[in-house]
Amino acid sequence: MQAYLVDDEPHALNMLEMFLTRTGKVHVAGRAANGFDALVALRNIHPDIWFLDIEMPGMSGLELAANIHEVEPDAMIVFTTAYDQYAVAAFEHEALDYLLKPIEMERLSRTIERLTKEKNRPTDHVVVKTDNMDKLFVQLLGTFRVAITNGKTMMWRTAKEKELFAYLLLNNPATSAVHRDRIIEKLWPDEPYEKAKIYLHTCVSLLRKNLRNVGIEHLLRYKSEHYILDKERIRADVYDFLDISFRMEQEDMPISLIEQTLHLYLDELLPQEDYPWIVELSHKLEQISLELKLKLSEKYLDSRNGRKAAEAAERAISQSPYEEEAYRRAMQAYLYMGKHDHVLRIYRNLKERLTELNIQPSFLTRQLYEQIEV
């Protein structure tokens, strides 16, 4: 295996290179005294393993690891340090091991054995898609739940890992790629850019590890500063809801399909999560849901089913108590059934709501009311 060593202490570099050579399994392809020189070397060499000291001036080993993984997501990294306080941070960066200085030969040998097994583990960098590949089934309306074809459910180690996956899923349901800086802007708006990049990489590492743990490989890729989610392997209620809604704008859809679509909208988008970036899409979905209920009421009335038309309109009123068209649809349905008392009730409720806004019902609504006014 080829290794590259980065440490600002020459003595530490010499000792590590000597120990690695003694194992007989590792060739040191290069070494650097700081992270900047290591990144320059990364343009020309692609070692199997990176040994990074954590505490270095200018660029820490953690920052360097983040930069390396942006270029080579599958690079194997081992951190070295004299301080065990960095252990948690090291493994959050998906380090394969963590060596305390002074490094002992026996401990290093165990690390090399582990790295050898990892290197020989079958992986496919080019993913050939097949029909029997495991897929993710994602619920985002009402709650956030991610299940896999094999029945496993994803659990989240950190809140930010969870938010990152939600953002990648929802940033733009029609596309798969999102720029790294856009993610940083939305998820870490108040953090310095370089620190936010480290946080992002940490969350990406956790997410990839989480996906691997449930049997999902290569769902998230990185290319040209963009993170790319393979949405062909994801079935999400939001995607289905938006897809059917879009089709309804292009063609006349049957009542059964409208009902089926509304069943997807169990609740608003991730109501338990306080994500500022989600507000716009959440409002859009709510508006689509309202329009579907109004369309459903209209179609039921056209098919002479007054009861169902009234039910759909009442559902629209419950969702949007200030939407006058919903009240008017309900009044039309009850008028069709001859239930004048219900028409009066709906009209009075509307007037109460609109009075709060200091406005009056429209001419069309008043016309309906006047048809039954004694």
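Here full-length UniProt numbering is used: the first residue of the sequence shown is 1, the next is one more, and so on.
Glycine included, each C-beta is placed from N, C-alpha and C at the ideal position.
A quick note: this is a predicted structure, and the numbers were derived from the prediction, not measured.
Counted as a single uninterrupted DSSP element, the stretch harbouring Thr80 is not any alpha helix (DSSP H) but the beta strand (DSSP E) occupying residues Met76 to Thr81. CA-CA distance, Leu96 to Arg114, rounds to 8 Å.
Following the DSSP letters along the chain, one finds Val40 inside the alpha helix (DSSP H) bounded by residues Gly35 to Leu42. Ranked by Cα distance from Gln319, the first of Glu286, Ile346, Gln2 and Arg328 is Glu286.
The Cβ atoms of Leu266 and Leu141 sit closer than 8 Å to each other.
Here Ala159 is exposed: its Cβ has fewer than 16 other Cβ atoms, across all protein chains shown, within 10 Å.
Tyr327 and Arg145 have their C-alpha atoms roughly 35 Å apart.
The beta carbon of Val71 sits closer than 7 Å to the beta carbons of Leu42 from its chain, once the five residues preceding and following it are set aside; these are given in chain order.
Collapsing the DSSP output to three states places Asp181 in a helix.
In this structure Met76 is in contact with Ile49, their Cβ atoms being roughly 5 Å apart against a cut-off of 8 Å. Sixteen is the threshold: since fewer than 16 other Cβ atoms of the shown chains lie within 10 Å of the Cβ of Pro102, the residue is exposed. Taking C-alpha positions only, Ala177 is separated from Tyr227 by approximately 6 Å.
Beta-carbon to beta-carbon, Leu296 and Glu259 are separated by about 7 Å, close enough to satisfy the 8 Å threshold. By the 16-neighbour rule on beta-carbons within 10 angstroms, Tyr167 is buried.
Closest in alpha carbon position to Lys231, among Val238, Lys223 and Leu219, is Leu219.
For Phe137, the uninterrupted beta strand (DSSP E) segment begins and ends at Leu136 to Gln139. By the neighbour-count definition (other C-beta atoms within 10 Å, threshold 16), Pro47 is a buried residue.
Contact between the segment 274 to 292 and the segment 234 to 251 is present: 3 or more CB-CB pairs across the two stretches fall below 8 Å. Comparing C-alpha distances from Gln360 to each of Tyr334, His340, Glu323 and Ala333 shows the shortest one belongs to Glu323.
Where His201 is concerned, the enclosing alpha helix (DSSP H) starts and stops at Tyr193 to Asn213. With respect to the 8 Å criterion, Arg329 and Leu294 are classified as neighbours on the basis of their beta carbons.
For Tyr347, the three-state secondary structure derived from DSSP is helix. Excluding the 5 residues flanking it on each side, Arg22 has same chain C-beta neighbours closer than 8 Å at Met105, in chain order. Between Gly58 and His201, the alpha-carbon positions lie close to 19 Å from each other.
For Gly30, the three-state secondary structure derived from DSSP is strand. By the CB criterion at 8 Å, Phe19 and Leu52 fall outside the cutoff.
A contact is defined here as three or more CB-CB pairs under 8 Å, and the segment 275 to 284 fails this definition with respect to the segment 298 to 306. By the 16-neighbour rule on beta-carbons within 10 angstroms, Lys119 is exposed.
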